[in-house]
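Read left to right, the sequence shown gives residues 3 to 109 (this note's numbering). No residue lacks a Cβ here, since even glycine has one placed at the ideal position from N, Cα and C. Working notes for the structure below.
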Amino acid sequence: MTTAGLIARARERAGLTQRQLAERSGTSAAAICEYEGGKRTPRVDTLERIVAATGARLDLDVSWDDPPVIDLARNGRVLEDLLDLVDHLPHRREGRLAVPPFASQAR
């Protein structure tokens, strides 16, 4: 659920108008309107105050997904294909490479 949806749902469950919620939470009705419309995102402490004004409590839970599994066999095949491609590219000529005039002046 988005922050906008959370605020709107909490307000509606409490049976409050945006103006009433604004008064209870110590913010403006315009700010509540912008939060619910997704135009602005409140800071966590502001969100907590708004939710508390509806009679609810904000609980935050932080979790991380497991790290991605590296497919070594697939990566090995891709590396083999890349090295095979490099072997089939034309090789550079011997000698000095021709560079644009400004590159030689920069040295």
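- For the pair of segments examined, the stretch 81-94 was found not to touch the stretch 58-71: the number of CB pairs separated by less than 8 angstroms stays below three.
- Secondary structure of Thr-5 (DSSP, three-state): helix.
- Under a 10 Å Cβ-count criterion, Ser-30 is classified as exposed, with fewer than 16 other Cβ atoms of the shown protein chains found around its own Cβ.
- Judged by their CB atoms, Arg-13 and Thr-48 are not nearer to each other than the 7 angstroms cut-off.
- Excluding five sequence positions before and after Ser-27, the CB atoms of its chain that fall closer than 7 angstroms to its own CB belong to Arg-51, Ile-52 and Ala-55, given in chain order.
- The continuous stretches of alpha helix (DSSP H) do not include Asp-61, and DSSP gives it neither H nor E.
- Taking 8 angstroms as the upper bound for CB-CB distance, Glu-38 and Ala-10 are in contact here, some 5 angstroms apart.
- If you draw a straight line from the Cα of Ala-6 to the Cα of Gly-40, it is about 5 angstroms long.
- Secondary structure of His-90 (DSSP, three-state): helix.
- Annotated as proximal: Arg-42 and Glu-36, with beta-carbon spacing under 7 angstroms.
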